[in-house]
Amino acid sequence: MLSIHDLHVAIDGKVILDGLTLDIPAGEVHAVMGPNGAGKSTLSYALAGRPGYEVTGGSVTLDGDDLLALQPNERAARGLFLSFQHPTEIPGVPALTFIRTALNAQHVARGEPEISAPDFLRRVRAEATALKIDFDMLKRGLNVGFSGGEKKRMEILQMAMLRPRLAILDETDSGLDIDALRIVADGVNAMRSADRAMLVITHHQRLLDYIRPDRVHVLAASRIVASGGPELAHALEAEGYDKYATAA
Amino acid sequence: MSLARAIETGDLTALPSRRDEDWRWTDLRGLVRSLPPASPANDTALPPGPFEDLGESIIKVNGGGPERLAIESGERRIVALRFIAGAGAGAHVARFSVDIADGAELTLLESYEGAGDGYLTEAGMSIDLGRGARLERIVMARDGADAISVSLAEVTLAAGARLAQTILTSGAKRQRLETRVIHPGGGARVRLDGVYRLAERRHADITTLVTHAGVDGATDQLVKGVVHDQARGVFQGRIVVLPGADRTDARMGHHALVLSDRAEVDAKPELEIYADDVACAHGNTVGALDEEALFYARQRGIPEAAAKAMLTEAFLAEVIDRIGHDGARDVAHAWLASRLKAAP
Chain A
155 MLSIHDLHVA IDGKVILDGL TLDIPAGEVH AVMGPNGAGK STLSYALAGR PGYEVTGGSV
215 TLDGDDLLAL QPNERAARGL FLSFQHPTEI PGVPALTFIR TALNAQHVAR GEPEISAPDF
275 LRRVRAEATA LKIDFDMLKR GLNVGFSGGE KKRMEILQMA MLRPRLAILD ETDSGLDIDA
335 LRIVADGVNA MRSADRAMLV ITHHQRLLDY IRPDRVHVLA ASRIVASGGP ELAHALEAEG
395 YDKYATAA
Chain B
7 MSLARAIETG DLTALPSRRD EDWRWTDLRG LVRSLPPASP ANDTALPPGP FEDLGESIIK
67 VNGGGPERLA IESGERRIVA LRFIAGAGAG AHVARFSVDI ADGAELTLLE SYEGAGDGYL
127 TEAGMSIDLG RGARLERIVM ARDGADAISV SLAEVTLAAG ARLAQTILTS GAKRQRLETR
187 VIHPGGGARV RLDGVYRLAE RRHADITTLV THAGVDGATD QLVKGVVHDQ ARGVFQGRIV
247 VLPGADRTDA RMGHHALVLS DRAEVDAKPE LEIYADDVAC AHGNTVGALD EEALFYARQR
307 GIPEAAAKAM LTEAFLAEVI DRIGHDGARD VAHAWLASRL KAAP
């Protein structure tokens with residue numbers, strides 16, 4: 155479903171990713187692990203199309219379509235969702251308004267009818283309940299004054315509402331205590347399906363005890379240097395990233 | 007120096023110029039090379055005003071019409087006061103005075119409406135609030151793109167009075183909306199808000215002067231603006247706390263978004279404090295839309311133009327949400343939404 159081939163990305167002329175190749179078939183969850191500064195967040199932002207992340211070579215396709223030719227909102231409408239490591243606060247735009255605007259924008263882009271207000275409210279109530287999000291919080295400015303855990307749950311709520319084809323979870327475990335981690339992981343696991351792919355980016359193995367990946371990749375020194383099954387995550391936790399630091 | 011005097015005497019040297027400190031960003035002398043003819047009397051049929059049906063109407067066209075409104079003790083009234091530059095308007099001065107007796111209440115829905123083009127006008131408002139009187143004044147300025155328009159309101163409060171003001175403007179060729187408040191302290195409270203949203207080559211200047219003359223007064227000010235294209239926004243806010251006006255609580259905030267390389271915002275927030283034991287603060291920011299928020303919204307599927315409009319509306323709505331009168335607040339929100347759609 156997602157196919158990344160020989161991807162090169164630079165920020166302000168500085169090379170961050172230098173020939174990254176990765177394929178994620180539909181129905182699978184892949185984890186990318188790596189030391190700080192290896193380029194993990196750069197990978198997620200480059201896939202989402204963040205301005206300033208210059209793709210200098212390689213290709214990325216989603217369901218065969220050239221992702222790199224699309225605007226960020228067009229990528230979202232094709233089904234790409236990024237759960238941000240540091241979700242942005244948007245004062246003055248209630249979470250409910252924001253999510254409904256996003257959902258309907260995606261529907262319009264795909265030529266689908268907009269969702270009615272009652273249907274939207276019914277769905278968002280159910281998803282918020284599952285994620286233990288107080289419904290009144292959705293009437294406040296998006297993420298404004300939310301705790302770290304609340305922000306991450308709000309990301310998962312948006313993912314559940316938008317039902318993406320490809321979900322990228324960037325350091326979703328950072329800043330979460332164990333209870334919040336379990337809620338978030340349950341929310342992610344509930345989204346696993348045969349026609350959805352997930353890319354879980356994390357520094358620690360801990361998250362992968364809750365979200366079991368099909369494949370684990372090591373991102374070090376600007377490219378994927380090792381791949382394996384879930385056992386690779388445990389090996390990394392035990393041995394650290396040192397041996398990969400010079401592998402590239 | 008005033009536009010009104012220049013219009014009334016025909017003497018162009020009476021126009022304020024950039025050499026006058028308070029007018030340096032809203033120069034009129036350099037702009038007005040000759041006066042248009044005096045505006046004719048006008049009694050043609052008028053389109054509905056922005057606050058239609060929210061209250062009784064007082065209409066002034068081309069400077070003519072009623073000149074005084076008195077609210078008696080115990081009365082609560084809602085009045086839509088319309089200053090209209092009608093078809094064929096040239097130069098005119100419009101005057102109006104409002105007296106609100108002790109304990110009386112007025113919601114004043116004031117509008118500046120330009121049907122014609124190329125007019126030159128000054129409106130002079132004199133407003134008096136008695137002890138414990140209340141005034142919510144909402145000013146919507148909808149001048150023509152070629153208009154030169156000044157409004158000057160001089161407001162005097164007695165102890166315990168409340169003034170809550172919100173200015174909403176889309177600018178003109180050159181436009182200034184000035185408010186001067188004599189604040190007696192004594193538990194009187196003032197809110198002086200404003201929103202400007204300017205496109206093309208429009209100019210709007212929101213200038214305020216609050217003079218705290220007695221103990222225990224409060225002033226709270228929030229002005230926000232967005233400028234597009236080659237528009238220019240000006241905010242000059244001055245709060246003076248005179249000797250003896252102790253325990254004054256004054257807060258001023260001005261925040262603007264500049265959404266084009268050729269647009270401009272000039273701001274001068276000033277606190278002059280000559281008293282003791284006062285709580286005064288001001289904040290002033292001028293910047294661009296939050297790129298992080300913009301990318302976040304686009305990542306969720308919202309196209310760039312819609313995301314910008316959403317963030318801009320949210321930015322300005324904070325001021326509009328402070329309007330007390332429900333109907334006027336709805337009109338203001340609708341104005342904001344329509345202005346945002348019309349913007350590039």
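Sequence order for the protein chains is A and B. My numbering numbers the first residue of the first sequence as 155 and each following residue consecutively. My numbering numbers the first residue of the second sequence as 7 and each following residue consecutively. All residues carry an ideal CB built from backbone N, CA and C; glycine is no exception.
Excluding five sequence positions before and after I253/A, the CB atoms of its chain that fall closer than 7 angstroms to its own CB belong to V278, Q312, M315, given in chain order. Here H189/B is buried. Its C-beta has 16 or more other C-beta atoms within 10 Å. For V325/B, there is no enclosing beta strand (DSSP E); the enclosing alpha helix (DSSP H) has its first and last residue at 310–326.
N227/A and M352/A have their C-alpha atoms some 19 angstroms from each other.
In the three-state DSSP reduction, L201/A falls in the helix class (H, G or I).
Inter-residue distance for G243/B and R148/B is about 22 angstroms (C-alpha atoms, whole angstroms). Chain B has no Cβ within less than 7 angstroms of the Cβ of P272/A. Annotation: Cβ neighbours of P309/B in chain A (cutoff 7 angstroms, chain order): N227, A259. Closest in C-alpha terms to G16/B, from the list D26/B, R24/B, W31/B, R35/B, comes R35/B.
The beta-carbon of G246/A is placed less than 7 angstroms from the nearest beta-carbon of chain B. For M258/B, the enclosing beta strand (DSSP E) has its first and last residue at 255–264.
At a cut-off of 7 angstroms between beta carbons, Q242/B makes no contact with chain A. Taking 8 angstroms as the upper bound for CB-CB distance, T213/B and E184/B are in contact here, some 4 angstroms apart.
Here DSSP, grouped into helix, strand and coil, assigns S117/B to strand.
Per DSSP, E391/A is not a residue of any beta strand (DSSP E); the alpha helix (DSSP H) it occupies stretches across 385–393. With the criterion set as a beta carbon lying under 7 angstroms from some beta carbon of chain A, the members of the stretch 318–329 of chain B are A320, F321, A323, E324, in sequence order. The distance from the Cβ of F89/B to that of A97/B is about 14 angstroms, inconsistent with a contact at the 8 angstroms cut-off.
Shortest Cα-Cα distance from L330/A to any of L320/A, A284/A, E182/A, R307/A involves R307/A. Residues M155, D349, A351 of the same chain have their beta carbon placed closer than 6 angstroms to that of A180/A, with the five preceding and five following residues left out of the count.
Below 8 angstroms, too few C-beta pairs join the stretch 68–81 of chain B and the stretch 19–31 of chain B to call them touching: fewer than three.
Proximity of A202/A to chain B, defined by a Cβ-Cβ separation below 7 angstroms, is satisfied.
Interface annotation for the stretch 298–322 of chain A against chain B: Q312, L316, criterion Cβ-Cβ distance under 9 angstroms.
Chain B has a Cβ within less than 7 angstroms of the Cβ of L236/A. In the three-state reduction of the DSSP assignment, K286/A falls in the coil class, being assigned neither a helical nor a strand state. Under a criterion of Cβ atoms nearer than 8 angstroms, no residue of chain B is adjacent to P267/A; the nearest Cβ is some 15 angstroms distant. Contact check for V196/B against T172/B fails: the beta carbons are separated by 7 angstroms or more. Using a CB distance below 8 angstroms, the part of the stretch 295–308 of chain B facing chain A consists of D296, E297, E298, A299, F301, Y302, A303, R304, Q305, R306, G307, I308, ordered along the chain. Using a CB distance cut-off of 7 angstroms, T255/A counts as an interface residue toward chain B. For chain A, none of the residues of the stretch 276–291 of chain B brings a beta carbon within less than 9 angstroms of one of its beta carbons. When 8 angstroms is used as the limit between beta carbons, A312/B is near these residues of chain A: T255, A259, in chain order.
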